[in-house]
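Structure first, commentary second.
Chains as they are written, first to last, in this note's numbering: chain W, 4 to 725; chain V, -11 to 388.
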């Protein structure tokens, strides 16, 4: 057996140790085959009276191999998916009915398939280590804990706890796991195996309660019990908070509802059917592919050019101590990098450093770091107005005011001091990198590193290649992002790069609808209904109308008549110039902010943008998704983007495009490019050329070509567990 | 064939709580006492009856099975009288009368009794749940939300403020108190007696005649908790034009929880002649309808129009309107939709003041309208109720 070893110890105890190749144990075909034969061997060996199941890795088992799961999408029929699920279910059932007591000695992390395995055992003993977590997080990848996870958890922990854990996907530490009764015992690491042996020595009954004749499911009376009926009513209502785009939460609730009413094996079968439906649903594929496989690949250097030595920045300069500069300084110092934080005077630079103190203070409050560690981070940040301190920096990030002249001057002053090897990165979100690089003496070492706000919370960095940026510089930029443990995407230089450009489509679409007579609440609710975290009007209030309008003005100045202004410009200009409401900062734009009260849509909108009947919520939702997806397709066509993975990661992590879609490009593939083009043509007729598919896209559609092709799939050598 | 109303009776409504006067009276006993009263008031040969339909919104436990048949036997009616149970949530009581009338219209029966019973103190709401509210596979995808959420959505969409709905409730209390003072209900009330044969309740117990907008202002909104638990999101998914839900309903401006029963005796002309009874009115038309189920409570407008059309009538032909006061906003929306003046609708108060014994209410308010038509010497009345799941029923009666 390649993934586990079976050893016999004293007193009839067999120890089955999970020990797959690689750094962790995961559920895959090899594991299932091994477990099937090990279980058979154990059942048939009269010399074995009890089994201890543990792991040789630091974790017990991390879950299923998502890569394998996602690869089945599109080829697996729902019946094959059910058969696949049933095999794992039967594997656990064989353990449970082996006639021998099995005890899971959970020596480390046990998530998903790993914890389902433990649930199939007759007893669970968890190591007493606050860092160790157990749980069933499958809902987060659009799936449900199959192979008996929902059924056993419901029976062991009860409906309420099971629904809480299954629907949130949250994992719990030893103390809570014991309290919730999902483990039976918590012991120190050095006594784990002894505790397991001690339990086996008591001669425990290897028959689970549900396998005892006469057992009845706890909710056999179904909805005739008013308390249960109310609980399911509330649970179904609670799902609405997650929205109506994801099939997994409802499937999980259905499994628990059925699982607590049906005889055990029937419950397992129903769960397997729901699992099969989810596994063959594009939502699971989309979530897994982008948020696990592509994300981890990007973080492990999928876009890093080969042949360059690994770079580790030891000292970086951050130019500009405003909100972005302060955040970049903090995350750099937090990654162990020495930081020179420069602004026009030391006091201003100090304010930037104070931001780091504030963030760290909150972490100390929450117990997430210690004063000593925080002090060490702060000690790495030197606030100053003296460019001379940039001497010895491996990389600088410029985050000064978005003005070409100011940026050029900053570049010259920094390069005067910087060592030859240093990378100069600009955090601009709007100005073309190649244009900024003109101020540089070494444009090949000039790159865009576009961080998102707030820097310490937003994981994405959009890397922008200028015309002259070298591959060596890209490699260094990506290595620096890896030091910060952030997720990079790589794009080529153009107006707004990728994320800002497509994000504009969202806010302009929302603004444009106001002029069409769509009620403002509908504009906001429709965006939230597709899964955007915030409505476009609320976004504009935070962003200020000045910003998108400035982008438009700049484009008009540069391109003149060749430039087609985006859809919402007229509304934005009216709000700002005629009505005099431009942002939350300036007292409110689309929203009012009553003192001490909750913000609400500005009542005056109805006078300026009278509401008209006839809006269609489904079409409004479609417009949001299509407008962004279409602009992303254009970015691929224009080579601003080079891969669908960059597109999707940028969409989800850059501006909160809903994860169930897998990102803007996965969304097109999910709809089907043919239908996407057809529908876009219809929308273009109704709402304007921003929806009009290009000849390139039409050709692609005519060829029936998806954006993701086998060739574009990210290759990941390691399994990706969940 | 015409279907005539020969008589109707109702119990007074007891508070639907353990300290309510009718809590010790079982559901079947309430129905039995009314059946006995109908027999004795009319000196009725019960062998002339074909069917008794008694509905309830919770046909479980003591209200389960075919309560009507048990009550028929318990009341000593001829054993040939059939019984039937129906369930259409709050529309039940009126629908039972309509179904008796429909059987008469069809020539299927000569006469029968329709109505409903509900002991809300003994058969607590939620005993009968069903797939629509509680099977996740049905509830989620169909955007189920509790009724109170629907009532608050109506208020939000129509712009009714807390003061508006509380003002409506105060009027209901005032009108009900006045009607009781003047004895308008006297003719149809059958006092309920206990095991000893003593009268245990002879007057609606739920009313609070002194209610003011100021006193109601102290009550907390009842449905915000449901909203925050997720049903606000359900509501917004169905009504994206809602920025927020304005939670204005509470116990004081929603229908009261009570125990009670109401029955209506309906038959053909030939039956009246055989029984020696004079018809008091006739049932001109009736209708049922389904409407948008999340907001749930807006069917009365459409179902009333449907009943008007079936009766060959228009809004102008109706002298008195009666819409069960499930929630204040329900009646306010209806009144606005059909442009009904205040002095033509629920003229003697409604369920906000006197309570709403779910499955019984429809039969009770049909009787209330008939009594009031006689008192005013007016001709026509339309009775309607909203019901769970977006259902609604209406019937039009006229005096003969």
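Backbone N, C-alpha and C define an ideal beta-carbon position, used for all residues, glycine too.
Meets three-Cβ-pair contact criterion under 8 angstroms: the segment 264 to 275 of chain V and the segment 372 to 382 of chain V: yes
8 angstroms contact criterion, which residue 42(V) and residue 70(V) should meet: CB distance rounded: Here residue 42(V) corresponds to residue number 54 of the second chain, with the count starting at 1. Here residue 70(V) corresponds to residue number 82 of the second chain, with the count starting at 1. Actually they do not touch by this definition, with Cβ atoms about 12 angstroms apart.
Extent of the continuous alpha helix (DSSP H) to which residue 638(W) belongs: On the first chain, residue 638(W) is found 635 positions in, with the first residue counted as 1. Looking at the DSSP string, the run of the alpha helix (DSSP H) that includes residue 638(W) is 620 to 640.
Beta strand (DSSP E) runs wholly inside the segment 274 to 321 of chain V, at least 3 long, in chain order: 308 to 311
Alpha-carbon to alpha-carbon, residue 111(V) and residue 227(W): Taking the first chain and counting its residues from 1, the one referred to as residue 227(W) is at position 224. Taking the second chain and counting its residues from 1, the one referred to as residue 111(V) is at position 123. Cα-Cα distance, rounded: 12 angstroms.
Short-range partners of chain V found in the segment 271 to 282 of chain W, where Cβ spacing is below 7 angstroms: none
Local conformation of residue 80(V) per DSSP, three classes: One-based indexing of the second chain puts residue 80(V) at position 92. Note: residue 80(V) maps to helix in three-state DSSP.
Distance CB(residue 358(V))-CB(residue 312(V)) smaller than 8 angstroms: Against the second chain, residue 358(V) aligns to sequence position 370. Against the second chain, residue 312(V) aligns to sequence position 324. No. Outside cutoff.
Buried versus exposed, by CB contacts within 10 Å (16 or more), residue 596(W): Stepping through the first chain from its first residue, residue 596(W) is reached at position 593. Result: exposed.
Closer than 7 angstroms at the beta carbon, the chain W residues around residue 122(V): As a position in the second chain, residue 122(V) is number 134, starting the count at 1. Per Cβ cutoff of 7 angstroms: 226, 232, 235, 236.
Contact the segment 268 to 279 of chain W vs the segment 143 to 163 of chain W: 3+ CB pairs below 8 angstroms: yes
CB contact below 8 angstroms: residue 147(V) versus chain W: Taking the first residue of the second chain as position 1, residue 147(V) is located at position 159. For residue 147(V), the answer is no, since every Cβ of chain W falls outside 8 angstroms of its Cβ.
Alpha carbon of residue 588(W) to alpha carbon of residue 604(W), nearest angstrom: For the purposes of this step, residue 588(W) is taken as the residue at position 585 of the first chain. For the purposes of this step, residue 604(W) is taken as the residue at position 601 of the first chain. Cα to Cα, the separation comes out at about 15 angstroms.
C-alpha distance - residue 612(W) paired with residue 518(W), whole-angstrom precision: Translated into positions along the first chain, residue 612(W) becomes position 609. Translated into positions along the first chain, residue 518(W) becomes position 515. Spanning the two alpha carbons is a distance of roughly 6 angstroms.
Stretch pair the segment 507 to 521 of chain W + the segment 537 to 551 of chain W: three plus CB contacts closer than 8 angstroms: yes
Cross-strand partners of residue 594(W) (DSSP beta bridge): Counting from one through the first chain, the residue named residue 594(W) turns up at place 591. 604(W), per the DSSP bridge assignment.
Segment contact, 8 angstroms Cβ cut-off, at least three pairs: the segment 139 to 147 of chain V with the segment 228 to 247 of chain V: yes
Proximity test, residue 51(V) beta-carbon vs the ligand GDP heavy atom, cut-off 7 angstroms: Because no ligand of any kind appears in the structure shown, any question about the ligand GDP cannot be addressed here.
Bounding residues of the beta strand (DSSP E) (the contiguous stretch that carries residue 534(W)): Looking up residue 534(W) in the first chain gives position 531. Unbroken run through residue 534(W): none, as it is neither H nor E.
C-alpha distance - residue 719(W) paired with residue 300(W), whole-angstrom precision: Position 716 of the first chain, counted from the first residue, corresponds to residue 719(W). Position 297 of the first chain, counted from the first residue, corresponds to residue 300(W). With a pLDDT of 48 at residue 719(W), under the threshold of 50, the predicted position of this residue should be treated as unreliable, and no value is reported.
Coil, strand or helix - residue 234(V) by DSSP: As a working note, residue 234(V) is residue 246 in the second chain. Reduced to three states, the DSSP call for residue 234(V) is coil.
Helix, strand or coil at residue 656(W) according to DSSP, with G and I counted as helix: Counting from 1 along the first chain, the entry for residue 656(W) is found at position 653. Residue 656(W): helix per DSSP, three-state reduction.
Near-chain V residues of the segment 665 to 681 of chain W - C-beta to any C-beta below 9 angstroms: none
Beta-carbon gap between residue 454(W) and residue 417(W) smaller than 8 angstroms: Taking the first chain and counting its residues from 1, one reaches residue 454(W) at position 451. Taking the first chain and counting its residues from 1, one reaches residue 417(W) at position 414. For residue 454(W) and residue 417(W), no; Cβs fall outside 8 angstroms.
Cβ of residue 172(V) within 8 angstroms of any chain W Cβ: Position 184 of the second chain, counting from 1, holds the residue named residue 172(V). No - not a single Cβ of chain W is within 8 angstroms of the one on residue 172(V).
Closest residue to residue 67(V) among 39(V), 51(V), 46(V), 92(V) (Cα-Cα distance): Taking the first residue of the second chain as 1, we reach residue 67(V) at position 79. It is 39(V).
Residue 71(W) in three-state terms, based on DSSP: Counting from one through the first chain, the residue named residue 71(W) turns up at place 68. Here residue 71(W) sits in helix by DSSP.
Backbone secondary structure at residue 455(W) - three-state DSSP: On the first chain, position 452 is the one that residue 455(W) refers to. Three-state result, residue 455(W): coil.
Burial state of residue 206(W) (16 or more Cβ within 10 Å): Residue numbering aside, residue 206(W) sits at position 203 when the first chain is read from its first letter. By the 10 Å Cβ count, residue 206(W) comes out exposed.
Strand pairing of residue 356(V), partner residues [DSSP]: Taking the second chain and counting its residues from 1, one reaches residue 356(V) at position 368. Answer is none; residue 356(V) lacks a bridge partner.
Environment of residue 31(V) [buried if 16+ CB atoms lie within 10 Å]: If you number the second chain from 1, residue 31(V) lands on position 43. Exposed, since its Cβ has fewer than 16 Cβ neighbours within 10 Å.
Reduced DSSP category for residue 333(V) - H, G, I as helix; E, B as strand; rest coil: On the second chain, residue 333(V) is found 345 positions in, with the first residue counted as 1. If DSSP states are grouped into helix, strand and coil, residue 333(V) belongs with the strands.
Span separating the alpha-carbon of residue 399(V) from that of residue 278(W): What is shown of chain V runs -11 to 388, which leaves residue 399(V) out entirely.
Contact the segment 162 to 176 of chain W vs the segment 55 to 66 of chain W: 3+ CB pairs below 8 angstroms: no
Within 7 angstroms of chain V by C-beta, residues of the segment 609 to 628 of chain W in sequence order: 620
Cβ-based burial, residue 198(V) [other Cβ within 10 Å; buried from 16]: Counting from one through the second chain, the residue named residue 198(V) turns up at place 210. Exposed: under 16 other Cβ atoms inside 10 Å.
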